[in-house]
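Numbering (the working numbering), first residue to last: -14 to 77.
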């Protein structure tokens, strides 16, 4: 769920979207807390039912709630490596 900070989420709601990219390396914020840069894509560039009333424009700040499946973020990041290990040196 993408929540645009300019518009009150309780009143205007948010946008559904999907994560398109997760950075391979963690960055540090100003408090030295690690985070991963994530890019998300929404289905539309406006809130509400009609375009133009509550548009989403470049530079607007947003908060993104990322729904994950079962497991941890580490499981998600390590999944390709573990799959490679399982399938290594096997005949197809």
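All C-beta atoms in this analysis are idealised placements derived from N, C-alpha and C, irrespective of residue type, glycine included.
**Prompt:** Using 8 Å as the Cβ pair cut-off and three pairs as the minimum, do the segment -14 to -1 and the segment 46 to 58 touch?
**Reply:** Taking 8 Å as the limit for Cβ pairs, the verdict is that the segment 46 to 58 does touch the segment -14 to -1.
DSSP three-state label for residue 60, please. DSSP, read as helix, strand or coil, puts residue 60 in helix.
Open item on the list: Can you find the residues in the same chain that come closer than 7 Å, C-beta to C-beta, to residue 20, ignoring five residues on each side of it along the sequence?
Closed with: Same-chain partners within the cutoff: 11, 12, 14.
Grab me the residues of residue -8's own chain with a C-beta within less than 7 Å of its C-beta, minus the 5 sequence neighbours each way, in chain order.
These residues qualify, in order along the chain: 32, 39.
message: Quick test of your reading: residue 25 and residue -13, contact by CB under 8 Å. State the CB separation rounded to the nearest angstrom.
response: Between the beta-carbon of residue 25 and that of residue -13 there is about 6 Å, and that keeps the pair under the 8 Å contact cut.
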